[in-house]
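Numbering of the sequence shown is given in the numbering used here, commencing with residue -18 and proceeding in unit increments.
For every residue, glycine included, the Cβ atom is placed at its ideal position computed from N, Cα and C.
Predicted, not measured: the structure shown is a model, and the values here were computed from it.
Note sheet for the following structure.
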Amino acid sequence: MVKAVVGANWGDEGKGKITDMLGKESDIIVRFQGGANAGHTIVNDYGKFALHTLPSGVFYGHTTSVIGNGVALDVPKLFGEIKSIVDRGVPMPKILVSERAQMVMSYHKNFDAYEEERLGGKSFGSTKSGIAPFYSDKYSKIGFQVSELFDEEMLREKVVRVAEQKNVLLEHLYHKPLIDPDELYKELMSYKEMVEPYVCDVSLYLYNAIKEGKNILLEGQLGSLKDPDHGIYPMVTSSSTLAAYGAIGAGIPPYEIKQVITVCKAYSSAVGAGAFVSEIFGDEADELRNRGGDGGEYGATTGRPRRVGWFDCVASKYGCRMQGTTDVAFTVLDVLGYLDEIPVCVGYEINGEITKDFPVTHLLEKAKPVFQKLPGWQTDIRGIRKYEDLPENCRNYIEFIEREIGYPITMISNGPGRDDIIYRSR
């Protein structure tokens, strides 16, 4: 059976923990899109980890971790990450890398930084991980696929052609040092050396695994609102963040995805620029940010303070709809225990009219939140394992949100640890 774990909002919903938890019953965990530009924070028996490229199942001995063809593969980052977990006592994970995955090159990161510098105040708030230049090259058909590392003659010719094209921009637009084709070839050969033992025909491997009845978990990065088609364009990422893309980014038929677990946070948070209707500011935001997550709301990749706000039913309902949600995993609920009342955004006021439907970006920029306040539970709920043992106001909060978004909340995370989870029947 194939399941997907994806985000409903701007990313940072707590997918890492849910993937780590579901990894227990999975044989194979596949990262199907994105790159090392966003991370998952995981707390388990080995300690606290921020993963960027590795699938969250690497902490289990029985799982195989797969880098799918849809991933922006930063080879040195991947192998640095493997070393960092092994150095902390985690057994060497079983890893496969799709021969069709494409590689993030050092010049992609440079171009990312140069473009942000050139745009100045109009920049996209990139993490400078090279993601937009990488995907731009992939679709311009001048990216480097892992399989190409094994055809040296073709590679030497392509390196010259790509350097020539990039150097026009470096010289005339950015006024930066040019790419030397020989150095670029050496960079690719160093990647070949690292990745060669793990290269695999991933779609064939997954086809056989599905036939054998293996449990496969597809792991997405970021969330619905960062999707380039359906998100808050242009403040989006460069690969599709939707579960439907899991079929493409892993190389399996779409009908094989039987369960879509969409992760929603009990409040809202976002790293980076873009419309965020329920955002809060000042002391109120600082308190929520510092209490949030495990050690506060700061990006796993960037360390940047996350923007925070109250739960947004409009954005979450839309995010769940776009994902094809079968189950909602509701995370960091324990964080809200300090509040005597909790605002929830139940609608947007746009040009004097109230809507519950998520609009396109230029209207989103004008939207004002319509809040409804619910009574808080003012107690610590960590350690509770049964839904009926949660305080009444806490259950009322969950059930109110479930009605507003229209999708079943079947998992509730009430702490950072692997076992801090409450299962709830539909």
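The alpha helix (DSSP H) enclosing residue i, as first and last residue numbers
i      : result
Met392 : Premise fails: Met392 lies in the beta strand (DSSP E), 390 to 394, not in any alpha helix (DSSP H).
Gln126 : Note, Gln126: premise wrong, no alpha helix (DSSP H); not H, not E.
Gln146 : 133 to 150
Ala224 : 224 to 231
Ile379 : 373 to 386
Leu59  : 56 to 67
Ala266 : 263 to 272
Leu35  : Taken as a continuous stretch (DSSP letters only), Leu35 belongs to no alpha helix (DSSP H), as it is neither H nor E.
His343 : 342 to 345
Cβ separation of residue i and residue j, assumed to be a contact under 8 Å, to the nearest whole Å
i        : j      : result
His33    : Ala17  : 4 Å
Ile10    : Ser46  : 6 Å
Val56    : Tyr172 : 4 Å
Ile415   : Tyr368 : Outside the shown range of the chain, which is -18 to 407, sits residue 415, and nothing can be said about it.
Val(-13) : Thr222 : 7 Å
Val244   : Ala266 : That belief does not hold up - the Cβ atoms of Val244 and Ala266 are roughly 22 Å apart, past 8 Å.
Gly232   : Asn50  : 6 Å
Pro74    : Val39  : 4 Å
Ile(-1)  : Ile242 : 7 Å
Unbroken beta strand (DSSP E) run spanning residue i, endpoints
i        : result
Phe352   : 349 to 356
His89    : No beta strand (DSSP E) contains His89, which is instead part of the alpha helix (DSSP H) from 87 to 100.
Phe30    : 28 to 32
Ser46    : 45 to 48
Gln240   : 238 to 246
Gly16    : Premise fails: Gly16 is in no beta strand (DSSP E) and is neither H nor E.
Arg288   : 288 to 290
Thr22    : 21 to 25
Lys(-16) : -17 to -12
Glu200   : 197 to 204
Lys5     : Counting along the chain, Lys5 falls outside any beta strand (DSSP E), and DSSP gives it neither H nor E.
Lys367   : Here Lys367 belongs to no beta strand (DSSP E), and DSSP marks it neither H nor E.
Ser110   : It is not in any beta strand (DSSP E) - Ser110 carries neither H nor E in the DSSP assignment.
Backbone CA spacing between residue i and residue j [nearest angstrom]
i       : j       : result
Gly284  : Thr22   : 12 Å
Val141  : Met86   : 15 Å
Ile390  : Ile229  : 27 Å
Gln202  : Lys147  : 29 Å
Lys58   : Lys90   : 12 Å
Ser219  : Glu373  : 42 Å
Pro286  : Val252  : 7 Å
Tyr408  : Glu268  : Nothing about residue 408 can be reported from this structure: the residues present for the chain run from -18 to 407 only.
Met428  : Tyr236  : Only positions -18 to 407 of the chain appear in this structure, which leaves residue 428 out of reach.
Lys349  : Asp210  : 23 Å
Gly255  : Gly212  : 10 Å
Val78   : Tyr27   : 25 Å
Leu206  : Ser250  : 12 Å
Phe352  : Gly273  : 21 Å
Tyr186  : Leu198  : 14 Å
Val295  : Thr306  : 15 Å
Leu35   : Lys(-4) : 13 Å
Tyr166  : Arg137  : 7 Å
Glu145  : Glu168  : 17 Å
Asp(-7) : Tyr248  : 11 Å
Residues near residue i by beta carbon distance below 8 Å, same chain, minus five either side
i      : result
Gly124 : Gln83, Met84, Phe115, Asp118
Glu129 : Met135, Leu136, Lys139
Nonlocal neighbours in the same chain, by C-beta distance under 7 Å from residue i, ignoring five residues either side
i      : result
Gly277 : Arg270, Asn271
Asp401 : Arg363, Ser394, Asn395
Ile331 : Pro340, Leu344, Lys347, Ala348
Asn196 : Met(-18), Glu6, Ser7, Asp8
Sequence-distant residues of the same chain with beta carbon closer than 6 Å to residue i, five excluded per side
i        : result
Gly111   : Val85, His89, Lys90, Asp93
Val143   : Ile123
Tyr155   : Tyr95
Lys(-16) : Leu198, Gln240
Tyr188   : none
Proximity test, Cβ basis, 7 Å: residue i and chain D
i      : result
Ile323 : Of the chains in the structure shown, none is chain D; there is only one protein chain.
Which ranges does the beta strand (DSSP E) cover as unbroken runs of at least 3 residues, wholly within the region 295 to 336, from first to last along the chain? 308 to 312, 322 to 331, 334 to 336
Which ranges would you report for the beta strand (DSSP E) in the region 152 to 195 if only whole runs of at least 3 residues count? none
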